[in-house]
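Remarks on the structure that follows.
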Amino acid sequence: MSKMKAKTKAMRQTYLAHFDECPLSAKFYEDAQAAEVTSHAMARGILFHDFAEIIQGERAGLSDAEIDTIIDELLTSRSDLVLPMRDHDDLRDLCRRWYARFEPAGAGSKTEVKLEVQLAGQRITGRLDLLTIEDAWARVRDYKTNRGLPTAEWVRGSFQVRCYAYMVFVNYPAVTTVEVENEYVRYGAKRSATIERDQFENLEVTLIDIIEKVGEARKSDDWIAVPGTHCNRCANTAGCPISAELRGEGAITDELDATTAASDLVAIEARRKDIIAGLKSWVDENGPVDGGQTRYDYSYSEGERLDKKPKIALKERLGEADIDPAEYWKPTQTTRFIPRKLTEEELEGGDDA
Ligand code: SF4
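Just so we're aligned: 360 in the working numbering is position 304 of the sequence shown, and the numbers increase by one with no gaps anywhere.
Here it is, written out as structure tokens:
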């Protein structure tokens, strides 16, 4: 028998983050990892991170053509990943947008930092895209390739933010403040959370709790399914015991479902427009009408609104009066879910398939 004590199998931070949202999805994630299954979205994320690692390691001042060459080399060399041709332009766009804002990280920063902690008899590992340490302050930057932009509140409460902060506190005892910053690379928008060392015990209790729950699930092989928006990241929706209809906001998890839902929505919106026009005409002549617990009627109001043009003039006036408009106009970064008409070019491109 070997005298060497076997190292416990590590649990990835990502696995725990999945478990935090839906225990069954963590099991699916682990199975997919073991079988080396990688979705297109995951492949795009990995390729982007590879690109960022190359750039952060050495390069500034590259032309678009040089950026394309790096991406082409990545697409060729990562033969373990499958990214369909139709997604190549999206990857290029993502990389270029990020590169346009790229600034070398400078001293005190390291890329692709692997951290490890031992907690409740379990080894936890995490990989940070960029870690900057300046005396007692640390910043973890995590690149996100999603299209949606979550609220700052959502990010502050996320498992990943807490786990990263805990890992930094354990590995860098002199650090008292950790800022975890998610950078949504499509937009250059950032969402961050600052965690102080006095929250350390709280973080530890939360992590121990989740590790223990993982232990119980593994022991009993009982994995609860909890649906939500995270279902779109699930590695095995087909294996989920909850039907798509009952998953609510997590109902759409593949391209066919998404295309069908988008077509349904277009038809519903067109019908809605017709119904509203007809109802308005009826109410105009005949008075209010009730539908279930809702009454439709005309409602008269008076008020005022700030048009776009006066808004610009107002900004100028404030400037003339030595008042900084930034006191009143706060920049916002958000994403809206909006439909738009496809261009003729896009429609033609769609027919090529
Ligand atoms: S589809 Fe949703 S509810 Fe079902 S296992 Fe996956 S993440 Fe959980």
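For each residue, glycine too, the CB sits at the ideal point set by N, CA and C. Owing to the predicted nature of the structure, the values given are computational and were not obtained by experimental measurement.
Asked, Found
"Coil, strand or helix - G414 by DSSP", "This structure does not reach residue 414, given that the chain is present from 57 up to 409, and the question cannot be answered."
"Q174 (DSSP reduced to helix, strand or coil)", "strand"
"Bounding residues of the alpha helix (DSSP H) (the contiguous stretch that carries K65)", "Neither: K65 is in no alpha helix (DSSP H) and is coded neither H nor E."
"Heavy atom of the ligand SF4 within 7 Å of T293 beta-carbon", "yes"
"Meets three-Cβ-pair contact criterion under 8 Å: the stretch 196 to 208 and the stretch 229 to 249", "yes"
"One or two residues paired with E237 in a DSSP bridge", "R197, S248"
"Cβ distance (whole Å) where V231 is taken to contact I180 below 8 Å", "So it is not a contact: roughly 18 Å between Cβ atoms."
"Contiguous beta strand (DSSP E) assignments of at least 3 residues, all confined to the stretch 252 to 287", "none"
"Interface flag, D330 vs chain D, CB-CB below 8 Å", "This model lacks chain D altogether; it includes just one protein chain."
"Between the CA atoms of L374 and A382 - distance to the nearest angstrom", "10 Å"
"Exposed unless 16 or more other CB atoms sit within 10 angstroms - verdict on R195", "buried"
"V236 and V261 closer than 8 Å at C-beta", "no"
"Contact between the stretch 277 to 296 and the stretch 78 to 98 (3+ Cβ pairs under 8 Å)", "yes"
"Closer than 7 Å: S95 CB and nearest the ligand SF4 heavy atom", "no"
"Supposed close pair G306, N292 - CB separation, criterion 8 Å", "About 13 Å; that fails the 8 Å criterion."
"Delimiting residues of the beta strand (DSSP E) encompassing Y352", "350 to 352"
"Proximity of T167 and G101 at Cβ, strictly below 8 Å", "no"
"S165 beta carbon less than 8 Å from that of L186", "yes"
"heavy atom of the ligand SF4 below 7 Å from L80 C-beta", "yes"
"A91, buried or exposed, once every other Cβ within 10 Å from all chains shown has been counted against 16", "exposed"
"Pair within 8 Å by beta-carbon distance, W154 and V226", "no"
"K166 in three-state terms, based on DSSP", "strand"
"Nearest to R134 (by Cα), restricted to the options T233, V169, L321, T94", "T94"
"Contact belief for L139 with M223 at Cβ below 8 Å, rounded distance in angstroms", "Rounded, the Cβ-Cβ distance is 30 Å, inconsistent with contact."
"Rounded C-alpha distance that separates I126 from F107", "7 Å"
"Enclosing beta strand (DSSP E) for G347 [first to last residue]", "345 to 347"
"Backbone CA spacing between R68 and E239 [nearest angstrom]", "21 Å"
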